[in-house]
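Number of protein chains: 2
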Amino acid sequence: MKLNTKIMFFLGMSLFFSTTINAQNQLHNYVDPMIGSEGDGRVFIGPSCPYGMVKPSPDCTVRPNSGWLPLPTEVTGFSQVHVSGTGGGQKYGNIQIMPFSGALDKLDQTSYRAEENIKLGYYETVFKENQIKTEITTAEKVSFYRITYPKNASKELKIDPGFFLGENPEPNAREAQQFVGSQIEIVSDTEVRGYSRIRGGWNNGRAYTVYFWAVFDQPIAKHVTWKDGKFYANQSAQFDSGKKTAALLSFGTAGKQELNVKIGISFLSELKAKNNIETEIPHWNFNTVLSALENKWEQLLSRIKLSADTSNEYKKMFYTGLYHTMIMPVNRTGENPLWENDGPYYDDFYTIWDTFRTSSPLITLIDSKRQVEIVNAMLNIYKHDGYLPEGRSGNDNGRTQGGSNAETVLADAFVKNLKGIDYELALKAMLKDAEVPPGGNEEKEGRAGLVDYLRLGYVPFGVGRAGNCTMDYAYNDYNIATVAKGLNRMDIYDRYMKQSNNWKNLWRADYENKGTKGFIMPKDAAGNWLDDVVFGESKIQKPTYKYTPTITESPWYVCHWCVFFYEGTSWEYSLSVPHDLPEVVRKSGGELAFQKRLDTFFDNKLYDVSNEPSFLAPTMYHWIGKPYLSSDRIMGIINESFNTSHAGLPGNDDSGAMSSWLAFHMIGLYPNAGQPYYLLNTPLIKETTLQLEDGKSFKITTKNLSDTKKYVKSALLNGKPFNQAWILHEDIVKGGELILEMDSKPSAWGTTILPPTK
Amino acid sequence: MKLNTKIMFFLGMSLFFSTTINAQNQLHNYVDPMIGSEGDGRVFIGPSCPYGMVKPSPDCTVRPNSGWLPLPTEVTGFSQVHVSGTGGGQKYGNIQIMPFSGALDKLDQTSYRAEENIKLGYYETVFKENQIKTEITTAEKVSFYRITYPKNASKELKIDPGFFLGENPEPNAREAQQFVGSQIEIVSDTEVRGYSRIRGGWNNGRAYTVYFWAVFDQPIAKHVTWKDGKFYANQSAQFDSGKKTAALLSFGTAGKQELNVKIGISFLSELKAKNNIETEIPHWNFNTVLSALENKWEQLLSRIKLSADTSNEYKKMFYTGLYHTMIMPVNRTGENPLWENDGPYYDDFYTIWDTFRTSSPLITLIDSKRQVEIVNAMLNIYKHDGYLPEGRSGNDNGRTQGGSNAETVLADAFVKNLKGIDYELALKAMLKDAEVPPGGNEEKEGRAGLVDYLRLGYVPFGVGRAGNCTMDYAYNDYNIATVAKGLNRMDIYDRYMKQSNNWKNLWRADYENKGTKGFIMPKDAAGNWLDDVVFGESKIQKPTYKYTPTITESPWYVCHWCVFFYEGTSWEYSLSVPHDLPEVVRKSGGELAFQKRLDTFFDNKLYDVSNEPSFLAPTMYHWIGKPYLSSDRIMGIINESFNTSHAGLPGNDDSGAMSSWLAFHMIGLYPNAGQPYYLLNTPLIKETTLQLEDGKSFKITTKNLSDTKKYVKSALLNGKPFNQAWILHEDIVKGGELILEMDSKPSAWGTTILPPTK
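Protein sequence lines, in the order shown, are assigned to chains A and B.
Under my numbering, the first residue of the first sequence carries the number 6, and numbering increases by one thereafter.
Under my numbering, the first residue of the second sequence carries the number 6, and numbering increases by one thereafter.
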């Protein structure tokens, strides 16, 4: 029986620990949360489960979008909810705690870090002044703190539901978070409950409430509560009177130096937050929480395996890319205070204008069931709030950036045949965007300038972001047509295919810039092209400025948000026709002229590596039958702008958008979101295995790939010659192998069968 | 010194009890909350402070809008929040309690009333089966229950935050309240806390949360909690998991038979609800709470004094009218979960389409400071939610009925020169309604069909309530012009004065009905008059029906909400031009034809006494110089349709609309809301004194008024002949006396100087 027991034990261990053996080789160890943390990346650096609702992190002042800033900036405290990679005004930063040693007589316990240690699921810092060590890990809805005070030091902790990121002294300042209310109660000698209610922030959203329940493994020896500038020694609770509240707790000097704190978070109630603790972390073992988190990530990261010989540098870049893609949107299923919690609920679509291009397609490829959940959550939002989300956060649609880009996400799910989605409902939701002006607040949801767009076939100058809107709507119309056709709604298909040409209405054919002809340029409602554009509220001065395709900034008197192209130039947006690039080629003067256009674009640094509108551009040589030029551009961009340093992302990561662009290109695939194929480019990885959900796998194998042999000479798909530089999604999910034979010079491969078009 | 003490005592008593001495003569005793409780009135019958947030009442099944139904209908329990006088789907009915005797083993404790006793501020009933007596009174945010159990009976109480009015088995049924979540916690042996989160209801609003804190003057001996159909004997809390929760408490058989319960309510948090108790009722004296409530009402009711010889019947009708006018909208200042609580916040504008005509003007006349607060709350809603309220409830704009009628309220405040309102902001808010289509959900706020209205000058048939919209918008445009002119914005004035003629675009001059020519009739977007109108979703059957000016109901296949005239007919709405009645007279064929039109209208019962669109009609003889005919009609309507019985209101009281119509007419004044005057009619009251806010008073005195001497022969204003049948608001607020000399036959008084017009 001894043997049997051993075998049973071994099998049991295998089942339980199949992902934890060989810890060194585990993929999650290649995730470096610090990549993209400095410079413009703004990624969240703290521990987070995949799509995790709770994201604890230090807040280094109230300014940074992700909470964190590099040393030596001071730390205000550690709050439990953050976003990743965002620009503009801050959001969240709720329920802050801060360990300290000393009297319970001041709220500000700002400290400086002596050191910091960050890895996936784990944050650690030691404060310089008081030598207190704080370690953090997290479950889905509960964060876990292990605080170690120096020997003989008194153990104090601040809990501050009055704190939030982005506070601004100007009342109702745009994009600033605004305090609405907060509350705190010391429930017992080991429990504190309360909430923070905040409105505004980047998406100018309605008030949201973050409830908490905190438990400690040592009894509170002494406490004071605080409200609106005053301490109350004899009150264990401060009710919500529209003022900030907090509490300072002392655990004394007796007992162990290690204080463990679990903070349950909920968007429903404090008791629900407590229940989240009981459900997720019914123990006091920090390492168990960390391991569970690591395992969750390991399961997901291992869906894509890179060949063993891949450099650590590349492994880090790639797996960190996957990681960044899956920390938002946030799974709030069971935590929706707006309607019944009987369906999936995700929040923090921040924003779909950023993520539709590569983040959603990457989630679909890695974890299509998750993408189905996210799409269904989007449809639930449409059903209850009236419109699909675009820039949704804090339980509120609140802002759109360019188009109604959720439509691309729905079309992408449809063309990739994701099951378990009501596509009739999806079509309804898309048509709501496309046909019903959102009114009132035109930047909140749906399509701004829709009335003009439908009447004129373009959004005229004067409507904010008229250029982005026109270009995005035309593509979103194509997305609608795609789904309509699949559902055999040919009347809708015909209408929207026609509308998908609307980008042509802003194509100024004779306009020349840097030797290139034809640009998307501003036009007024009367149909006149505008060389000089007027902006600003003044009716007397009427300042004008010359609008050119290279304009990246608006003059000081033009509101950033109201320009013709927001976060983009005409050089970029004139290429932004993902459904009809052959027509752009033709309009640009044919293949050679288009090639020259692209070369000018990249060589003159008109390509903006830091923002999403340029994402598809490097692959556009595919459409003139020169995929090797695409690969050259991609390689150049990655080499120049992406690496494993803290500043290793060239722009705001925008909820994984930048990271997923990189991850796709590293394995030689690039999606044209909303369409059923990937462009094929020279991968950085010699051999990639996609572990598909139904047990199948798809392998991308290169032969002879090296720094010099970087061009595809020929390809085999499942053993058969494959002469196109693009591959259908369905060919991947069927499973199989794509072998790319590499050579030192460009070949005829992929030059004749161009990518599909409308 | 003895004398002095006595004097001091007397003076002190006078100050403290000036409103409580002579209890019999107190005006609040003339309020009968039962008037309008049966039939269509639907008034709230429970105790309520003026504009009180908390309105406890029995819920007799989940159906009645106000909670209450007459005996013998069963009582489900007593909930703390209700509305008054509403139609359509139910709203509120939150945090229900129910006393019972017996085992803690069933949630349904429905009982039947043996008797009921209701007066202002006080509700009492004894249940038939168990002889438990329940008495209720209330403070602003806290309800107070005195429950008397029979001798030796065991004292049990259910607390049920899962209950709400209007539950409907159909998921997402329109106008039905929908359960979102609830929670309950037994905090100590005398305290229970929790909340109820509900969405939907009549205005299809977003989720709102009602928090409570309940305290008892006896300790809980035993309890069970309940969730989603199951009892939990050992759990003192049920957290929110999207399921209904409740608790059954037993106070045992020991101790006194009387159990007192205070239930604090808050829209912010449970602790705020607790604080509301501590602030408002820091004691256990039921009678003190009741007296305080009575005093609050007494202060307000005594602003209008009727002559001593007024019949009890008239006193009851009048003071109950005032009372009904001041129980909604609800003062939620300090209880707004959406934004900072540093300004006034009122909710339950239910709806302004109902109340703008008479309720708002009556509040302005009695308590102009309150009206300033309400208007400022409306402007705060505009600032934060983007639009003025119309049918707002549960902290959400959600529905409009006809026009953007808040504009009339703002114009009314402006022409009556109310101080402390930012009228520049008010104009902005009005222009938002008038110029920015609400989009998305066109029935939520702003103006439905605005794009068509601006393009065509009318709302074409096909847009829901096209007739109401066109007629209301034209008047609302006049309201905007009024304010614009006062602010010297003549460009806006000119534009909106022009638009205020838009009603003429639906005036079908040659259309004849019952010998009357000229009606507001449906027109399509192409400009064609429609004799037959098509409706319904079917594109195949295309059912049509003949549209006539007497249509009061739509065929079964037409949605009630989408008809040409919602809650009205063309007979009524063809007169609905409060700013340009001389033009209606002219278009109707001159004074005689108009008189015939009005006679036909009333004699054929085309006048709808039960709804607001007809409100101004009885006074319209004024505009042809025959105010005595107006008085005859008014007297007839009051005699026929208003009395002190339970069915003494002829239609939904709609937050006091019906009641304020009556109250105005009883004292001989009638406002044309949005314009600075009152029409003068024969009062029912011999002598009325308006106690104005700055110590002045205005008296309306009749001479020789009797059933036969019911016509004004001549009038004196402050001793000077006053020959017009209307009086400016400013003449009233200056203080003074209007003496009406009565006669048995109509005279030439008021026949020549007609009411002001645009």
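C-beta atoms are modelled at their ideal positions from N, C-alpha and C, and glycine is treated no differently.
Quiz prompt | Sequence-distant residues of its chain with Cβ nearer than 6 Å to residue 504/B (five each side left out) | solution = What you label residue 504/B is simply residue 499 of the second sequence in a count that begins at 1. Closer than 6 Å at Cβ, skipping near neighbours: 482.
Exercise. Kindly list the residues whose CB is nearer than 6 Å to the CB of residue 43/B, restricted to its own chain and excluding five residues on each side of it in sequence; keep chain order.
Key: Locating residue 43/B in the second sequence gives position 38, where the first residue counts as 1. Once the five neighbours on either side are set aside, the close Cβ partners of residue 43/B are 75, 651, 652.
Quiz item: Quick one: Cα of residue 62/A to Cα of residue 181/A, how far?
Solution: Numbered from 1 along the first sequence, position 57 holds the residue referred to as residue 62/A. Numbered from 1 along the first sequence, position 176 holds the residue referred to as residue 181/A. Their Cα atoms are separated by approximately 20 Å.
Quiz item: So, using beta-carbon positions, are residue 656/B and residue 663/B closer together than 8 Å?
Solution: Here residue 656/B refers to the residue found at position 651 of the second sequence. Here residue 663/B refers to the residue found at position 658 of the second sequence. In contact: residue 656/B and residue 663/B (Cβ atoms closer than 8 Å).
Quiz item: Going by DSSP, what residues sit across from residue 685/B in a beta bridge?
Solution: Reading the second sequence from its first residue, position 680 is the one you call residue 685/B. Paired residue(s): 674/B.
Quiz item: When you compare each of 249/B, 107/B, 93/B to residue 101/B by their alpha carbons, which one comes out closest?
Solution: Counting from one through the second sequence, the residue named residue 101/B turns up at place 96. Comparing Cα positions, the closest option is 249/B.
Quiz item: With 8 Å set as the bound, which would you pick, yes or no: does the beta-carbon of residue 204/A sit closer than that to a beta-carbon of chain E?
Solution: Protein chains in the displayed structure are A and B, and chain E is not among them.
Quiz item: So, is the C-beta of residue 201/B closer than 8 Å to a C-beta in chain A?
Solution: As a working note, residue 201/B is residue 196 in the second sequence. At least 8 Å separates the CB of residue 201/B from every CB of chain A.
Exercise. Return the Cβ separation of residue 322/B and residue 669/B in integer angstroms, given the expectation that the two are a contact with Cβ distance under 8 Å.
Key: On the second sequence, residue 322/B is found 317 positions in, with the first residue counted as 1. On the second sequence, residue 669/B is found 664 positions in, with the first residue counted as 1. With a Cβ gap of about 12 Å, residue 322/B and residue 669/B do not count as contacting.
Quiz item: Can at least three beta-carbon pairs, one atom from the segment 453-470 of chain B and one from the segment 510-530 of chain B, be found at a separation below 8 Å?
Solution: yes
Quiz item: Listed from N- to C-terminal order along the chain, which residues in the segment 227-251 of chain A have their beta-carbon within a distance smaller than 9 Å of any beta-carbon of chain B?
Solution: 242, 243, 244, 245, 246, 247
Quiz prompt | Contacts that residue 409/A makes with chain B (C-beta to C-beta distance below 9 Å) | solution = Within the first sequence, numbered from 1, the residue matching residue 409/A stands at position 404. Simply none; closest approach about 12 Å.
Quiz item: Going straight from the alpha carbon of residue 363/B to that of residue 512/A, what length do you get?
Solution: In the second sequence, residue 363/B corresponds to position 358, counting from 1. In the first sequence, residue 512/A corresponds to position 507, counting from 1. Approximately 57 Å between the Cα atoms of the pair.
Quiz item: Does residue 185/B come within less than 8 Å of chain A when only Cβ atoms are used?
Solution: Taking the first residue of the second sequence as 1, we reach residue 185/B at position 180. Output row for residue 185/B: interface = yes.
Exercise. Determine the direct distance from the alpha carbon of residue 275/A to that of residue 366/B, and round the result to whole angstroms.
Key: Residue 366/B sits at position 361 when you count from the first residue of the second sequence. Residue 275/A sits at position 270 when you count from the first residue of the first sequence. Straight-line Cα distance between these residues: approximately 44 Å.
Practice problem: Measure from the C-beta of residue 394/B to each C-beta in chain A and report whether the shortest distance is under 8 Å. | Solution: Here residue 394/B is taken as the residue at index 389 of the second sequence, counted from 1. Answer no: the Cβ-Cβ gap between residue 394/B and chain A never drops below 8 Å.
Quiz item: Residue range of the alpha helix (DSSP H) that residue 488/A falls in?
Solution: The residue you call residue 488/A lines up with position 483 of the first sequence. Looking at the DSSP string, the run of the alpha helix (DSSP H) that includes residue 488/A is 471-491.
Quiz prompt | Enclosing alpha helix (DSSP H) for residue 151/B [first to last residue] | solution = On the second sequence, position 146 is the one that residue 151/B refers to. Residue 151/B -> not in any alpha helix (DSSP H); beta strand (DSSP E) instead, spanning 147-153.
Quiz item: In three-state terms, what does DSSP make of residue 4/A?
Solution: Nothing can be reported for residue 4/A, as the shown portion of chain A is limited to 6 through 763.
Quiz item: Leaving out the 5 sequence neighbours to the left and right, which residues in its chain are closer than 7 Å to residue 210/B when beta-carbon positions are compared?
Solution: By one-based count along the second sequence, residue 210/B stands at place 205. Excluding residues up to 5 positions away in sequence, 204, 398, 399, 401, 403 lie with their Cβ nearer than 7 Å to the Cβ of residue 210/B in the same chain.
Quiz item: Among all the DSSP beta bridges, which residues are the ones paired with residue 434/B?
Solution: Taking the second sequence and counting its residues from 1, the one referred to as residue 434/B is at position 429. Paired residue(s): none; residue 434/B is not in a bridge.
Quiz item: What did DSSP end up calling residue 587/B once you bin it into helix, strand or coil?
Solution: Reading the second sequence from its first residue, position 582 is the one you call residue 587/B. In the three-state reduction of the DSSP assignment, residue 587/B falls in the helix class, which pools H, G and I.
Quiz item: Considering only residues of the same chain and omitting the five flanking positions on each side of residue 510/B, which have a CB-CB separation below 8 Å?
Solution: Here residue 510/B is taken as the residue at index 505 of the second sequence, counted from 1. Excluding sequence neighbours, residue 510/B sits near 461, 462, 463, 475, 528.
Self-check item: Nearest candidate by alpha-carbon position, reference residue 522/A, set 502/A, 472/A, 507/A, 553/A
Solution: On the first sequence, position 517 is the one that residue 522/A refers to. The option with the nearest alpha carbon to residue 522/A is 553/A.
Self-check item: chain A within 8 Å of residue 254/B, Cβ atoms only
Solution: Within the second sequence, residue 254/B is the residue found at index 249, counting from 1. No, residue 254/B does not count as interfacial toward chain A.
Quiz item: Is the segment 220-234 of chain A close to the segment 253-267 of chain B, with three or more CB pairs under 8 Å?
Solution: no
Quiz item: For residue 168/B, does the three-state DSSP call read helix, strand or coil?
Solution: Translated into positions along the second sequence, residue 168/B becomes position 163. DSSP places residue 168/B in coil when its eight states are reduced to three.
Quiz item: So with Cβ pairs under 8 Å, would you call residue 209/A a contact of chain B?
Solution: Start at 1 with the first residue of the first sequence, and residue 209/A comes out as number 204. Judged by the 8 Å Cβ criterion, residue 209/A is not in contact with chain B.
Quiz item: So which residues on chain B does residue 273/A lean against when the C-beta distance must stay under 7 Å?
Solution: Taking the first sequence and counting its residues from 1, the one referred to as residue 273/A is at position 268. Within 7 Å Cβ-Cβ: 186, 245.
Quiz item: Apart from the five residues just before and just after residue 269/A, which ones in its own chain have a Cβ nearer than 6 Å to its Cβ?
Solution: As a position in the first sequence, residue 269/A is number 264, starting the count at 1. Correct list, in chain order: 147, 218, 278, 279, 281, 282.
Quiz item: Comparing the C-beta of residue 747/A with each C-beta of chain B, is any distance below 8 Å?
Solution: For the purposes of this step, residue 747/A is identified with residue 742 of the first sequence, where counting begins at 1. By this cut-off, residue 747/A is not an interface position.
Quiz item: Looking at C-beta atoms only, is the number of pairs between the segment 164-173 of chain B and the segment 135-145 of chain B that lie closer than 8 Å three or more?
Solution: The segment 164-173 of chain B makes no contact with the segment 135-145 of chain B: fewer than 3 CB pairs, one atom from each, lie closer than 8 Å.
Self-check item: Option in 694/B, 702/B, 187/B with minimal Cα separation from residue 201/B
Solution: Reading the second sequence from its first residue, position 196 is the one you call residue 201/B. It is 187/B whose Cα lies nearest to the Cα of residue 201/B.
Self-check item: DSSP bridge partner residues for residue 706/A (one or two, in chain order)
Solution: Indexing the first sequence from 1 puts residue 706/A at position 701. Its beta-bridge partners are 692/A, 744/A.
Quiz item: Grouping DSSP H, G and I as helix and E and B as strand, with all else coil, what is residue 211/B?
Solution: Counting from one through the second sequence, the residue named residue 211/B turns up at place 206. Residue 211/B carries a strand assignment under DSSP once its states are collapsed to helix, strand and coil.
Self-check item: chain B contact residues for residue 443/A, given Cβ-Cβ distances below 8 Å
Solution: Reading the first sequence from its first residue, position 438 is the one you call residue 443/A. Near residue 443/A (Cβ distances below 8 Å), the residues of chain B are 444, 445.
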